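Below is one structure, written out as structure tokens; comments come after it.
Structural data, given as structure tokens:
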């Protein structure tokens, strides 16, 4: 992978991870009340097994991209710059999402005991902007690196989130917020505006 694209990928990835880690740390410090291990071992194991291939590919693209040259796509140069733009714009969107959700962020689909239902900012547009942005960022990394695996991960992730993760999380949110969440759910797209 050429230097400007590899550098772009590394900078965007590190910035996104740093921003996420900082906001999640602040949320745990300011608003504890959710045991990070309250989910079953099975759910946590599935999450790790699902994330591990993605993390491995991203690490290899940052430190040894030639190891993944077999998965390279013959994409035009402009599509790689589209990926850089999406990734950089995604950092601004990520900041907006974290500023909006504040201390209600968690690493699980469980709800904190003093959780507040957030329906403004990006949550006014879709119910799960952090999931949507994560999938867009993975797609952006796939375009930047021309790596087919990341593009497949983005599509597969959308299916998994829409069919498995979101229904479970929303069942939990309906149990906590009742009709308030049902009304929000009925009037707001889940993951992609005008699609789902």
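In this note's numbering, the protein residues as written are 1 to 196.
In this text, a Cβ means the ideal position worked out from N, Cα and C, and glycines have one as well.
Remember, predicted model here, so these are calculated numbers, not experimental data.
{"Asked": "Residue 72 (DSSP reduced to helix, strand or coil)", "Found": "strand"}
{"Asked": "Cα-Cα separation between residue 176 and residue 111, rounded to whole angstroms", "Found": "8 Å"}
{"Asked": "Opening and closing residue of the alpha helix (DSSP H) in which residue 62 lies", "Found": "41-63"}
{"Asked": "Length of the line joining the Cα atoms of residue 107 and residue 18", "Found": "15 Å"}
{"Asked": "Residue(s) in a DSSP beta bridge with residue 147", "Found": "72"}
{"Asked": "Residue range of the unbroken alpha helix (DSSP H) whose run includes residue 100", "Found": "77-101"}
{"Asked": "Contained alpha helix (DSSP H) runs [length at least 4] in the region 164-189, N- to C-terminal order", "Found": "166-177 and 179-187"}
{"Asked": "Residue 159 versus residue 84 - alpha carbon distance", "Found": "24 Å"}
{"Asked": "Exposure of residue 90, with buried meaning 16 or more beta-carbon neighbours within 10 Å", "Found": "buried"}
{"Asked": "Rounded separation between residue 130 and residue 40 - CA only", "Found": "23 Å"}
{"Asked": "Top-ranked residue by Cα proximity to residue 16, from 144, 142, 170 and 134", "Found": "134"}
{"Asked": "Secondary structure of residue 126, DSSP reduced to three states", "Found": "strand"}
{"Asked": "Alpha helix (DSSP H) segment containing residue 23, residue limits", "Found": "3-30"}
{"Asked": "Where residue 141 sits in the DSSP three-state scheme", "Found": "helix"}
{"Asked": "Own chain partners of residue 182 with C-beta closer than 7 Å, once the 5 adjacent residues on each side are dropped", "Found": "174"}
{"Asked": "Sequence-distant residues of its chain with Cβ nearer than 7 Å to residue 146 (five each side left out)", "Found": "72, 73, 75 and 80"}
{"Asked": "Residue 190 vs residue 127 beta-carbon contact at 8 Å", "Found": "yes"}
{"Asked": "Residue environment, residue 32, which counts as buried when at least 16 other CB atoms sit within 10 Å", "Found": "exposed"}
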